[in-house]
Amino acid sequence: MGKRLYIIGAGFAGRTLANEIVKKSVFGEVVAFLDDDPEKIGKKIEGIPVLGPIKDVTGFIRSSRADEAIIAIPSASKEYLKELYTVLKGANFNKIRILPGISQIIEGDAHLIQTRSIDLQDLLGRNPITIKLKQSLAYVRGKRVLVTGAGGSIGSELCRQLLSGGVSRLYLLGHGENSIYQIDRELRLLQDEGVGEKAAIVPVIGDLKDPSYVDYILGQLKADAIFHTAAYKHVPMMEENPVAAIENNVLGTENLINAAIKYNTKRFVHISTDKAVDPVSVYGVSKCICEQMVLWASGKTSAKENTNFVVVRFGNVLGSRGSIVPLFQQQIEKGGPITVTHPDVRRYFMTISEACSLVLMTGGVGENGGLYLLDMGEPVRIRDLAEQMIRFHGYEPETEIKIEYIGLRPGERLDESLLSSADEIPSLTDYSRILRINRKTPQTIDIQTLLNELRPVCCYSESQKESYRNTNVLRRILKKHYNIP
Numbered sequence: 077m078g079k080r081l082y083i084i085g086a087g088f089a090g091r092t093l094a095n096e097i098v099k100k101s102v103f104g105e106v107v108a109f110l111d112d113d114p115e116k117i118g119k120k121i122e123g124i125p126v127l128g129p130i131k132d133v134t135g136f137i138r139s140s141r142a143d144e145a146i147i148a149i150p151s152a153s154k155e156y157l158k159e160l161y162t163v164l165k166g167a168n169f170n171k172i173r174i175l176p177g178i179s180q181i182i183e184g185d186a187h188l189i190q191t192r193s194i195d196l197q198d199l200l201g202r203n204p205i206t207i208k209l210k211q212s213l214a215y216v217r218g219k220r221v222l223v224t225g226a227g228g229s230i231g232s233e234l235c236r237q238l239l240s241g242g243v244s245r246l247y248l249l250g251h252g253e254n255s256i257y258q259i260d261r262e263l264r265l266l267q268d269e270g271v272g273e274k275a276a277i278v279p280v281i282g283d284l285k286d287p288s289y290v291d292y293i294l295g296q297l298k299a300d301a302i303f304h305t306a307a308y309k310h311v312p313m314m315e316e317n318p319v320a321a322i323e324n325n326v327l328g329t330e331n332l333i334n335a336a337i338k339y340n341t342k343r344f345v346h347i348s349t350d351k352a353v354d355p356v357s358v359y360g361v362s363k364c365i366c367e368q369m370v371l372w373a374s375g376k377t378s379a380k381e382n383t384n385f386v387v388v389r390f391g392n393v394l395g396s397r398g399s400i401v402p403l404f405q406q407q408i409e410k411g412g413p414i415t416v417t418h419p420d421v422r423r424y425f426m427t428i429s430e431a432c433s434l435v436l437m438t439g440g441v442g443e444n445g446g447l448y449l450l451d452m453g454e455p456v457r458i459r460d461l462a463e464q465m466i467r468f469h470g471y472e473p474e475t476e477i478k479i480e481y482i483g484l485r486p487g488e489r490l491d492e493s494l495l496s497s498a499d500e501i502p503s504l505t506d507y508s509r510i511l512r513i514n515r516k517t518p519q520t521i522d523i524q525t526l527l528n529e530l531r532p533v534c535c536y537s538e539s540q541k542e543s544y545r546n547t548n549v550l551r552r553i554l555k556k557h558y559n560i561p
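Quick note: the sequence shown, position 441, residue 517 per the numbering used here, numbers continuous.
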């Protein structure tokens with residue numbers, strides 16, 4: 077006998093999933109819909125009964141053999157999802173899956189391939205906003221779009237959402253063979269299952285640090301739009317490898333900007349971070365310089381008429397690779413302890429799907445030379461997040477899974493800010509959760525001079541060989557312009 081499936085939600089998404097399961101007849105049997113809508117309870121949809129209210133039928137489900145529940149309610153609030161999760165766990169389902177955030181913003185059919193096991197990220201953060209993605213992505217319809225760092229957390233989600241934007245070609249650029257292979261394969265599977273439109277997907281392996289390569293590849297690809305997510309991101313690791321941070325993040329972005337201008341790329345959207353605000357780490361400085369470079373490039377005569385340069389800044393995203401959520405997950409699986417740097421450390425968080433949908437919207441409505449900030453809501457105390465994760469996995473904080481405080485690491489600070497209090501003023505835009513940042517004073521750093529100072533540290537020059545890979549020289553240069561230790 078195949079798996080017995082219960083679909084939570086008898087709306088459009090749930091019915092679409094049920095039809096797909098019945099049609100393919102390989103995933104199991106849809107036993108029933110579970111729903112709270114009194115207009116649907118007691119009826120049958122395509123021969124499948126609708127049971128409810130959900131809380132009241134879980135006793136019946138618990139006494140039967142229930143293999144799997146699939147939550148298909150795109151409009152569900154975080155509070156309701158938490159309630160649903162508790163009820164379904166109590167009903168002893170072997171597996172609980174959910175349509176992820178992307179199903180909330182893409183108009184069209186839901187597909188089983190889009191579901192995944194529910195995790196804490198689905199229960200955290202804010203309630204989703206409805207974004208008409210196809211409408212927001214009208215500016216890339218029929219265009220060639222390049223995503224750098226396409227194998228990363230942000231880059232790969234941008235690619236998933238761009239798949240429904242009607243782009244003609246989607247270029248997946250990265251220097252990690254495995255990560256590019258994985259997102260390339262995933263996108264093709266999504267297309268095979270009817271998700272998105274039939275864009276040509278082109279994986280591209282390459283290194284942004286190589287100016288000749290970047291110039292060559294952009295000349296070949298003729299991208300109309302670039303979403304630049306590629307960067308080294310781990311703060312403590314970049315403190316130990318500062319030259320690599322500057323070489324990859326700063327010079328790589330410079331190479332990309334130069335090639336985008338040369339080959340008349342119409343839109344250049346740079347992804348930034350709260351670490352770039354009044355930076356105290358080498359990583360933060362590298363992203364601050366990138367922001368300044370992109371804004372500087374927007375005013376160059378050669379770029380004004382051709383390329384629309386936009387910067388989008390936001391804080392942490394839940395569940396990105398190398399972030400604390402996967403780390404805490406691993407620590408819980410081995411029985412703890414969970415390591416937190418400080419009892420009062422706080423960070424801004426947003427789900428990956430929400431961040432990417434807002435980035436894509438900003439790419440279309442942002443003005444040349446605009447610095448935009450995604451509204452992150454209130455910061456989250458990391459200790460509270462750790463406790464939530466422990467309880468999500470069925471344990472009690474401190475009594476069963478310990479929390480250990482290890483102290484702030486090099487380059488880290490207790491709180492991150494989304495704005496420079498001394499020089500940046502946010503203003504509302506016509507779009508929910510997108511703010512425009514205006515500076516009180518003009519940028520004073522001479523970007524070209526700074527880049528010329530940094531280049532001998534990253535690129536070997538016989539005349540300045542004593543500077544090559546010299547971290548002391550690098551830090552002296554950075555300290556002249558930025559307030560880092």
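Here a beta-carbon is modelled for each residue, glycine too, at the ideal position from N, C-alpha and C.
Predicted, not measured: the structure shown is a model, and the values here were computed from it.
Selection from the options that minimises the alpha carbon distance to residue i
{"i": "residue 544", "options": "555, 554, 420 and 531", "result": "531"}
{"i": "residue 502", "options": "526, 452 and 401", "result": "452"}
{"i": "residue 439", "options": "555, 330, 234 and 525", "result": "234"}
{"i": "residue 164", "options": "176, 197, 186 and 129", "result": "129"}
{"i": "residue 238", "options": "435, 111 and 116", "result": "435"}
{"i": "residue 36", "options": "382, 334 and 400", "result": "Any question about residue 36 goes unanswered here, given that the chain covers just 77 to 561."}
{"i": "residue 329", "options": "207, 450 and 285", "result": "285"}
{"i": "residue 171", "options": "144, 408, 540 and 510", "result": "144"}
{"i": "residue 272", "options": "292, 245 and 282", "result": "245"}
{"i": "residue 210", "options": "220, 524, 193 and 242", "result": "242"}
{"i": "residue 207", "options": "431, 547 and 535", "result": "431"}
{"i": "residue 448", "options": "85, 349 and 355", "result": "349"}
{"i": "residue 363", "options": "219, 375, 347 and 374", "result": "347"}
{"i": "residue 192", "options": "175, 412, 202 and 186", "result": "175"}
{"i": "residue 156", "options": "277, 384 and 202", "result": "202"}
{"i": "residue 187", "options": "135, 83 and 162", "result": "83"}
{"i": "residue 575", "options": "261, 262 and 320", "result": "Outside the displayed span of the chain (77 to 561) sits residue 575, for which this structure offers no information."}
{"i": "residue 450", "options": "85, 506 and 516", "result": "506"}
{"i": "residue 560", "options": "263, 280 and 318", "result": "318"}
{"i": "residue 547", "options": "278, 114, 277 and 323", "result": "323"}
{"i": "residue 195", "options": "533, 515, 551 and 466", "result": "466"}
{"i": "residue 106", "options": "390, 555, 265 and 81", "result": "81"}
{"i": "residue 136", "options": "417, 515, 110 and 263", "result": "110"}
{"i": "residue 552", "options": "529, 316, 122 and 391", "result": "529"}
{"i": "residue 351", "options": "384, 374, 382 and 391", "result": "391"}
{"i": "residue 112", "options": "95, 160 and 99", "result": "160"}
{"i": "residue 342", "options": "385, 295 and 406", "result": "385"}
Own chain, CB closer than 6 Å to residue i, minus 5 neighbours either side, in chain order
{"i": "residue 365", "result": "326"}
{"i": "residue 557", "result": "521"}
{"i": "residue 158", "result": "199"}
{"i": "residue 422", "result": "455, 457 and 491"}
{"i": "residue 469", "result": "408"}
{"i": "residue 353", "result": "493 and 496"}
{"i": "residue 471", "result": "477"}
{"i": "residue 287", "result": "331"}
{"i": "residue 480", "result": "413 and 415"}
Chain-order list of residues whose beta-carbon lies under 8 Å from that of residue i (same chain, five-residue window excluded)
{"i": "residue 225", "result": "231, 249, 250, 304, 305, 306 and 307"}
{"i": "residue 310", "result": "359 and 398"}
{"i": "residue 120", "result": "126"}
{"i": "residue 420", "result": "457, 459 and 490"}
{"i": "residue 519", "result": "368, 371 and 372"}
{"i": "residue 265", "result": "189"}
{"i": "residue 376", "result": "337"}
Supposed contact pair residue j and residue i - C-beta distance, whole angstroms, cut 8 Å
{"i": "residue 290", "j": "residue 332", "result": "6 Å"}
{"i": "residue 455", "j": "residue 463", "result": "The Cβ separation is near 16 Å, so there is no contact."}
{"i": "residue 108", "j": "residue 124", "result": "6 Å"}
{"i": "residue 79", "j": "residue 118", "result": "Not confirmed; about 25 Å, so no contact."}
{"i": "residue 314", "j": "residue 357", "result": "7 Å"}
{"i": "residue 221", "j": "residue 336", "result": "The pair is not a contact, with the Cβ atoms about 13 Å apart (cut-off 8 Å)."}
{"i": "residue 23", "j": "residue 293", "result": "Look at the range of the chain in this structure, 77 to 561, and you will see that residue 23 is not part of it."}
Chain-order list of residues whose beta-carbon lies under 7 Å from that of residue i (same chain, five-residue window excluded)
{"i": "residue 508", "result": "205"}
{"i": "residue 402", "result": "395"}
{"i": "residue 511", "result": "448, 449, 451, 502, 503, 504 and 505"}
{"i": "residue 256", "result": "226, 227, 248, 250, 279 and 281"}
With three or more beta-carbon pairs closer than 8 Å as the criterion, would you say the region 426-445 touches the region 473-493?
no
Worksheet item: Are at least three pairs of beta-carbons, each pair with one atom in the region 432-446 and one in the region 211-223, less than 8 Å apart?
Response: yes
Quiz item: Okay, do the region 145-158 and the region 79-94 touch, 3+ Cβ pairs below 8 Å being the bar?
Solution: yes
Practice prompt. Kindly provide the ranges of any alpha helix (DSSP H) runs that are 4 or more residues long and lie completely inside the region 423-504, ordered along the chain.
Written response: 428-441 and 458-468
Inset, instruction - Run through the region 294-356 for me and flag every whole beta strand (DSSP E) of 3 or more residues, listed as ranges in chain order. - result: 301-304 and 343-349
**Prompt:** Which ranges does the alpha helix (DSSP H) cover as unbroken runs of at least 4 residues, wholly within the region 82-153, from first to last along the chain?
**Reply:** 88-100 and 130-139
Original post:
Residue ranges of each alpha helix (DSSP H) run of no fewer than 4 residues wholly in the region 236-286, ordered along the chain?
Top reply: 253-268
Residue ranges of each beta strand (DSSP E) run of no fewer than 3 residues wholly in the region 356-398, ordered along the chain? 384-390 and 392-394
Item to complete: Scan the region 167-230 and note each continuous beta strand (DSSP E) run of 3 residues or more that stays entirely inside, going in chain order.
Response: 171-174 and 220-224
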